[in-house]
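Residues in the sequence shown are numbered from 348 upward in steps of one, following our numbering. Built from N, CA and C at the ideal position, the CB exists for glycine as well. Beneath this line is the structure, given in structure tokens, with notes to follow.
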Amino acid sequence: MFIRRTTIKSRESGEPYYTYRLVESVRVGTGVRQHTVLNLGRNFEVPRAQWAPLAQRIEALLGGQLDLIVDGLDAQWEAMAQQYAARIISRRGTVVGQDAPAPEGDYQRVDLARVEVIRPRSVGAEHVALAALRRLGLDRKLVELGFNRHQLSAAIGTIIGRMVQPGSELATHQWLQQRSGLGELLDYDFGALDLTRLYRVSDQLLAHRAALEAHLYQQERDLFALTETLTLYDLTNTFFEGTASGNPQAKRGHSKEKRTDCPLVTLALVLDASGFPKRSEVFAGNVSEPKTLEKMLGHLALAPGAVAPTVVLDAGIATAENLAWLTEHGYPYLVVSRERHKQFDAEAAVLIRAEGNTQIRAQRVVDEVSGEVRLYCHSTGREAKERGIERRFSTRLEADLQYLTEGLHVPGRVKNYEKVLTRIGRLRQRYSRVARYYDIRLEKDAASGNAKALVWTRIIPTEDTLPGVYCLRTNQADWDERTLWHTYTMLTDLEAVFRSLKSELGLRPIYHHQSARVDGHLFISVLAYHLVHSLRIRLKAQDIHLSWESLRHQFAGQERVTVVLHRDDGQIYHLRKATRPEPHQQVLYNALGLPHLPGKTEKTLIDPHAEVSQM
Numbered sequence: 348m349f350i351r352r353t354t355i356k357s358r359e360s361g362e363p364y365y366t367y368r369l370v371e372s373v374r375v376g377t378g379v380r381q382h383t384v385l386n387l388g389r390n391f392e393v394p395r396a397q398w399a400p401l402a403q404r405i406e407a408l409l410g411g412q413l414d415l416i417v418d419g420l421d422a423q424w425e426a427m428a429q430q431y432a433a434r435i436i437s438r439r440g441t442v443v444g445q446d447a448p449a450p451e452g453d454y455q456r457v458d459l460a461r462v463e464v465i466r467p468r469s470v471g472a473e474h475v476a477l478a479a480l481r482r483l484g485l486d487r488k489l490v491e492l493g494f495n496r497h498q499l500s501a502a503i504g505t506i507i508g509r510m511v512q513p514g515s516e517l518a519t520h521q522w523l524q525q526r527s528g529l530g531e532l533l534d535y536d537f538g539a540l541d542l543t544r545l546y547r548v549s550d551q552l553l554a555h556r557a558a559l560e561a562h563l564y565q566q567e568r569d570l571f572a573l574t575e576t577l578t579l580y581d582l583t584n585t586f587f588e589g590t591a592s593g594n595p596q597a598k599r600g601h602s603k604e605k606r607t608d609c610p611l612v613t614l615a616l617v618l619d620a621s622g623f624p625k626r627s628e629v630f631a632g633n634v635s636e637p638k639t640l641e642k643m644l645g646h647l648a649l650a651p652g653a654v655a656p657t658v659v660l661d662a663g664i665a666t667a668e669n670l671a672w673l674t675e676h677g678y679p680y681l682v683v684s685r686e687r688h689k690q691f692d693a694e695a696a697v698l699i700r701a702e703g704n705t706q707i708r709a710q711r712v713v714d715e716v717s718g719e720v721r722l723y724c725h726s727t728g729r730e731a732k733e734r735g736i737e738r739r740f741s742t743r744l745e746a747d748l749q750y751l752t753e754g755l756h757v758p759g760r761v762k763n764y765e766k767v768l769t770r771i772g773r774l775r776q777r778y779s780r781v782a783r784y785y786d787i788r789l790e791k792d793a794a795s796g797n798a799k800a801l802v803w804t805r806i807i808p809t810e811d812t813l814p815g816v817y818c819l820r821t822n823q824a825d826w827d828e829r830t831l832w833h834t835y836t837m838l839t840d841l842e843a844v845f846r847s848l849k850s851e852l853g854l855r856p857i858y859h860h861q862s863a864r865v866d867g868h869l870f871i872s873v874l875a876y877h878l879v880h881s882l883r884i885r886l887k888a889q890d891i892h893l894s895w896e897s898l899r900h901q902f903a904g905q906e907r908v909t910v911v912l913h914r915d916d917g918q919i920y921h922l923r924k925a926t927r928p929e930p931h932q933q934v935l936y937n938a939l940g941l942p943h944l945p946g947k948t949e950k951t952l953i954d955p956h957a958e959v960s961q962m
């Protein structure tokens, strides 16, 4: 065998380009003819010096010499040789059995000393992810939108890759080709997939964002019997690796990851009460969170006569302008109050929850002018936590103030009045949580201009700083204390679910620079989140409460492998199948109603001495 480069002219432009083929010489009668064994495509990047040893290695693998070391072949091309050999075996071998075993059994005489197990490919998490994708009808929808077979496979590969092995398109491409068995589940050869196709399919998915989001949410409503009684609106951001100077949305802002050194973009999501996304949008990294609400909810047109869902917001988005807009457009709302003033009358409060030493009480107050309801909630657990934090910060603040005080009388330490004032200001900023509880006074020596005394006293907290108390606001005047509080806890639960998108599905960081590619990268994570959340909802119904990260670890270890068996007549069996799942994996498969052995069982018989037919 040898590798040949051929020059071909493009039909569209007439420009020449190279294509590469693996060729074998075969004797026909009295002559010799050359047959193409495998088309290697246009993007064959192996250096010419490696062509001959690569071809020799492929030929050795086809002949069953799995442990043969070919002189001159660099180790980095071994995976490629095995990949090409597997493709040739699947084409030139004789398929002698698939899936169902023969009723009378299948007995062969083989050389046990030469039994090999090769080409392990992960398949557990891929199996589950693909089942979720098909259950939501995402593959059918993509076909309806005009995706051909190659585009469909690339789209499925990039979405499931984001679920199972989050990373860049380059990392996903390598994962699909070298480590994953997803292609076998799809009956598609990702070994021939060009990297540029993954970038292009990202653009295609983004172009159909509205249609795909509408389809997925409708499917989820039907499958899980969702009712649109609540809508959660939340934002997160992700940072770029690099300056992203060519992206107008890449701006410096308040980073959720504290990455003040990087530009950001912001992802906004509208979710329902079960945590399924209704709509997503990408904004600039420095966008003001309150300003995004009108644009996002404005796209969610209500059907005539439909009751608007209650919109649940956190304090960062619950501005007076946004609440006025929600009221004007007929949206009920429940928000975490931005007001600093708190009040709580324990005698007027209702006991909402009592577990162990933790009690939650709520006081309902109605504004007689606006009719808006405020629910002041007190949690003993939250109070203990806040007091513990305040004690820790107070201890640190007082220690730093004591250090400044002692320094006024120690040579070499800061004594200048203005400099000491600056230090105090920095301490107030660093310990802003507790600095309001302190009256700090600095006395100045008129003669020297230095500070001569620093004294502080702790102020008894006012009602504005009641520990353990938080306030909810709503225009749902007919909701009682328990309904309001339980709806609020739904918000906190959904925020925990939303964190899986931020931390488990490759949202951060971003390596792209073009705006469309950035939006496409984030949208793929949103699509992956749809699949992940649908799986977790189904498992929770079976009392299995695991994060997606934990589920990935649970499914790790199940692989598809090829067992190579050398028969006594010189022919070689290649038996390709999935390993049997571990007991904990079987429990998860049973809960999801999935078969335990992903993919087909294939038996291929190879005659190493047979002539190769034209391919």
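Who are residue i's beta bridge partners in DSSP?
i: Val370; result: Phe349 and Thr383
i: Glu906; result: Ser469
i: Pro624; result: Leu618
i: His921; result: Val911 and Thr951
i: Ser726; result: Ile707
i: Phe587; result: Ile857
i: Val712; result: Arg721
i: Asp786; result: Thr804
Beta carbon of residue i, beta carbon of residue j: below 8 Å?
i: Pro1013; j: His943; result: Summary: the structure shown does not reach residue 1013, with the chain confined to residues 348 through 962, and so no result is reported for it.
i: Val712; j: Arg820; result: no
i: Glu906; j: Ser469; result: yes
i: Val462; j: Val908; result: no
i: Glu560; j: Ser881; result: no
i: Val654; j: Tyr678; result: no
i: Gly632; j: Asn584; result: yes
i: Ser627; j: Leu611; result: no
i: Leu408; j: Ala428; result: yes
i: Leu939; j: Val475; result: yes
i: Leu401; j: Leu413; result: no
i: Thr366; j: Ile350; result: no
i: Trp424; j: Val379; result: no
i: Leu532; j: Gly904; result: no
i: Gly538; j: Gln430; result: yes
i: Glu828; j: Val697; result: yes
i: Ser515; j: Tyr858; result: yes
i: Lys732; j: Tyr764; result: no
i: Ala709; j: Cys724; result: yes
i: Gly761; j: Arg773; result: The amino acid occupying residue 761 in the given sequence is Val; Gly does not appear at that position. In this structure, Arg773 does not lie closer than 8 Å to Val761 by Cβ.
i: Ile405; j: Leu459; result: no
i: Arg899; j: Ala478; result: no
i: Leu517; j: Leu523; result: no
With a cut-off of 8 Å on the beta carbons, I'd call residue i and residue j a contact; round off their distance for me.
i: Leu751; j: Leu768; result: So it is not a contact: roughly 10 Å between Cβ atoms.
i: Leu640; j: Tyr580; result: 6 Å
i: Arg466; j: Ala433; result: 6 Å
i: Asn822; j: Thr590; result: Rounded, the Cβ-Cβ distance is 45 Å, inconsistent with contact.
i: Thr951; j: His921; result: 4 Å
i: Ala798; j: Leu755; result: 6 Å
If you count every other CB in all the chains shown that lies within 10 Å of the CB of residue i, and 16 or more means buried, which is it?
i: Gly853; result: buried
i: Asn390; result: exposed
i: Lys887; result: exposed
i: Asn937; result: exposed
i: Glu359; result: exposed
i: Ser779; result: exposed
i: Tyr454; result: exposed
i: Pro955; result: exposed
i: Thr377; result: exposed
i: Asp866; result: buried
i: Asn594; result: buried
In chain order, what residues of the same chain lie with their CB nearer than 8 Å to the CB of residue i, ignoring the 5 residues before and after it?
i: Gln961; result: Only weak support exists for where Gln961 lies, its pLDDT of 40 falling under 50; the coordinates are left without a value.
i: Trp803; result: Glu745, Leu748, Tyr785, Asp786, Ile787 and Arg788
i: Ala502; result: Leu489, Phe494, Val548, Gln551 and Leu552
i: Asp486; result: Leu480, Leu499 and Ile503
For residue i, which residues from the same chain have a beta carbon less than 7 Å from its beta carbon, with the 5 sequence-adjacent residues on both sides left out?
i: Val959; result: Model confidence at Val959 stands at a pLDDT of 47, short of 50, so the residue's coordinates are unreliable; what they give is reported in the following sentence. Contacts found: Glu371, Val373, His382, Val384 and Arg439.
i: Ser357; result: Tyr364
i: Ala693; result: Arg708
Among the residues of its own chain, which have a CB less than 6 Å from the CB of residue i, if the five just before and after it don't count?
i: Gly361; result: none
i: His562; result: Lys488
i: Ala782; result: Arg775
i: Gly718; result: Ala824
Please find out if some non-hydrogen atom of the ligand FMN comes closer than 7 Å to the beta-carbon of residue i.
i: Gln861; result: This structure lacks the ligand FMN; in fact it carries no ligand of any kind.
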